[in-house]
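So the sequences go chain by chain: A and B.
Counted the way the numbering used here counts, the first sequence spans residues 1 to 229.
Counted the way the numbering used here counts, the second sequence spans residues 1001 to 1229.
Number of protein chains: 2
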Amino acid sequence: MTTGVRRRMGVEERRQQLIGVALELFSRRSPDEVSIDEIASAAGISRPLVYHYFPGKLSLYEAALKRAAEDLAGRFVEPAEGPLGARLLRVMGRFFDFVEEHGPGFSALMRGGPAVGSSTTNALIDSVRQAAYEQIIAHLRVPEPPARLELVVRSWISLAESTALIWLDGRRIPREELQTQLVHDFAALMAVSAAFDDEMGALVRRVLADEPADGPFSDLVTRLISLAS
Amino acid sequence: MTTGVRRRMGVEERRQQLIGVALELFSRRSPDEVSIDEIASAAGISRPLVYHYFPGKLSLYEAALKRAAEDLAGRFVEPAEGPLGARLLRVMGRFFDFVEEHGPGFSALMRGGPAVGSSTTNALIDSVRQAAYEQIIAHLRVPEPPARLELVVRSWISLAESTALIWLDGRRIPREELQTQLVHDFAALMAVSAAFDDEMGALVRRVLADEPADGPFSDLVTRLISLAS
């Protein structure tokens, strides 16, 4: 029955295929530069058929972004086992994997602009930030995060985003170094907040108590002491 | 001659007045919620006359944003005198003044969206970030900033932006505390980078050598040592 006959896809299957093709193209170049013709050609179908599944480029872009957002949020999930520093370092590795896979599309999205600045795309970005925030809070085991902890975690997430964007712009620093640096930055921002607030101080003491003597935090502290001397 | 007769404004004077009125309204509420009718009413002129000076709300918004961007960039200018920590603390005070004066408009702008995400608005945001970056580099007296320094300064600027945005969302932490915290954060991020890179290490040593024994950096270090013990 199938000999010489190209199997016809179902509606949902075709939609998913188009989303995958579009995500691939939107990841490699700025969305402004990707045309529906190009997506149709890459998917091996006609331009009108693309419009049959998606009313326009924006809706296809948003569907691709939704898939990317779910993918990225999934990479933040890390078993609650072992020292926190090592967990965060693994998450940073997967975050930079994602950034590397979707470089130009990630830059265009995070730098904003008419093609990518819809309320839907902004809501998707916020949902990923929220997923990252909730993961970190869960790992810190703080059921009701105080305002200072929320500030440190959320502002560190924006630090991680901008570090990745700056890295993409020329890749002048090895990404492995930046992954470690962001883990250290997290510890440093926590410590700065903890130095002036008892509640944060108690939290940081509890977290650091679980860190191994040969882990990244101990390494950082040793180096900082040597720098200060 | 002027008795009972309202003085007629020149074209440029009227444009500047409209920009001022619009900036005031765009600062207090999200640009989406401000209508041309409202701007006309606040300026005491007719709606068609507004359109005579500005073709649409976006162009008036962009003109208002340009004025705000110049205002903010001006607040980063600080005499190259005295310890660096104290200079940065004064700049942070003026930055939070600006954020407080333009709260809702600042939030709407930085969170993006269709009404504010034009390429012109993005270029204006980038120009302010660049002005902040150049000021900091000038104060550090580094003619050719290495990639690691550029990364620390630019990513810290995004940390300052997100800290201000989180503060605006509920104002649960006193702004004076956050101004100091951001100065400490800058020192902490520099130190993290310096701990693993000799060039950054030399730079941080030179900067810290000029800091007073009773300044904010010394205070932070003392508190961090007490936290770690």
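We put the CB at the ideal spot given by N, CA and C, even for glycine.
Host alpha helix (DSSP H) of residue i (start-end)
| i | result |
| --- | --- |
| residue 1106/B | 1103–1111 |
| residue 1027/B | 1011–1028 |
| residue 1128/B | 1119–1140 |
| residue 202/A | 198–209 |
| residue 1039/B | 1036–1043 |
| residue 1071/B | 1057–1075 |
| residue 1219/B | 1216–1228 |
| residue 54/A | That residue, residue 54/A, is in no alpha helix (DSSP H); it is neither H nor E in DSSP. |
| residue 173/A | Careful: residue 173/A lies outside any alpha helix (DSSP H) and carries neither H nor E. |
Counted within 10 angstroms of its Cβ, other Cβ atoms place residue i as buried (16 or more) or exposed
| i | result |
| --- | --- |
| residue 1216/B | buried |
| residue 225/A | exposed |
| residue 49/A | exposed |
| residue 1/A | The predicted model places residue 1/A with a pLDDT of 44, which falls under 50 and marks its position as unreliable, so this point remains unresolved. |
| residue 209/A | exposed |
| residue 200/A | buried |
| residue 195/A | buried |
| residue 95/A | buried |
| residue 77/A | exposed |
| residue 1011/B | exposed |
| residue 1121/B | buried |
| residue 9/A | exposed |
| residue 214/A | exposed |
| residue 4/A | At residue 4/A the pLDDT is 48, less than 50, meaning the model places this residue with poor confidence and gives no usable figure here. |
| residue 52/A | exposed |
| residue 46/A | exposed |
| residue 202/A | exposed |
Minimum Cβ-Cβ distance from residue i to chain A less than 8 Å
| i | result |
| --- | --- |
| residue 1139/B | no |
| residue 1196/B | yes |
| residue 1120/B | no |
| residue 1097/B | no |
| residue 1071/B | no |
| residue 1213/B | no |
| residue 1218/B | no |
| residue 1147/B | yes |
| residue 1135/B | no |
| residue 1034/B | no |
| residue 1142/B | no |
| residue 1223/B | yes |
| residue 1162/B | yes |
| residue 1107/B | no |
| residue 1159/B | yes |
| residue 1172/B | yes |
| residue 1117/B | yes |
CB contact check: residue i to chain B, cutoff 8 Å
| i | result |
| --- | --- |
| residue 204/A | yes |
| residue 193/A | yes |
| residue 189/A | yes |
| residue 132/A | no |
| residue 128/A | no |
| residue 185/A | yes |
| residue 46/A | no |
| residue 29/A | no |
| residue 155/A | yes |
| residue 228/A | yes |
| residue 20/A | no |
| residue 151/A | yes |
| residue 181/A | yes |
| residue 166/A | yes |
| residue 56/A | no |
| residue 201/A | yes |
CA nearest to the CA of residue i, picked from the options
| i | options | result |
| --- | --- | --- |
| residue 129/A | 161/A, 109/A, 227/A | 161/A |
| residue 166/A | 1167/B, 1156/B, 1174/B | 1156/B |
| residue 1097/B | 1045/B, 1164/B, 1218/B | 1164/B |
| residue 90/A | 133/A, 176/A, 202/A, 65/A | 176/A |
| residue 84/A | 12/A, 150/A, 25/A, 135/A | 135/A |
| residue 35/A | 56/A, 17/A, 20/A | 56/A |
| residue 1133/B | 1073/B, 1023/B, 1218/B, 1228/B | 1073/B |
| residue 197/A | 148/A, 188/A, 218/A, 184/A | 148/A |
| residue 151/A | 87/A, 193/A, 212/A, 52/A | 193/A |
| residue 1183/B | 1154/B, 1088/B, 1079/B, 1022/B | 1088/B |
| residue 1138/B | 1168/B, 1185/B, 1081/B, 1181/B | 1081/B |
| residue 1014/B | 1033/B, 1024/B, 1043/B, 1171/B | 1043/B |
Proximal residues of chain C, C-beta to C-beta of residue i below 9 Å
| i | result |
| --- | --- |
| residue 1111/B | Any reference to chain C falls outside this structure, whose protein chains are A and B. |
### Message
I'd like to know if the segment 14–22 of chain A and the segment 57–65 of chain A are in contact, where contact means that at least 3 CB-CB pairs between them fall below 8 Å.
### Response
Contact holds: three or more Cβ-Cβ distances are below 8 Å.
### Query
Is the segment 1067–1084 of chain B close to the segment 1094–1113 of chain B, with three or more CB pairs under 8 Å?
Counting C-beta pairs with one atom in each stretch, the segment 1067–1084 of chain B and the segment 1094–1113 of chain B have three or more that are closer than 8 Å, which means they touch.
### Query
Taking contact to mean at least 3 C-beta pairs separated by less than 8 Å, is the segment 1114–1123 of chain B in contact with the segment 1137–1155 of chain B?
Fewer than three beta-carbon pairs drawn from the segment 1114–1123 of chain B and the segment 1137–1155 of chain B are found closer than 8 Å, and the two stretches are therefore not classed as touching.
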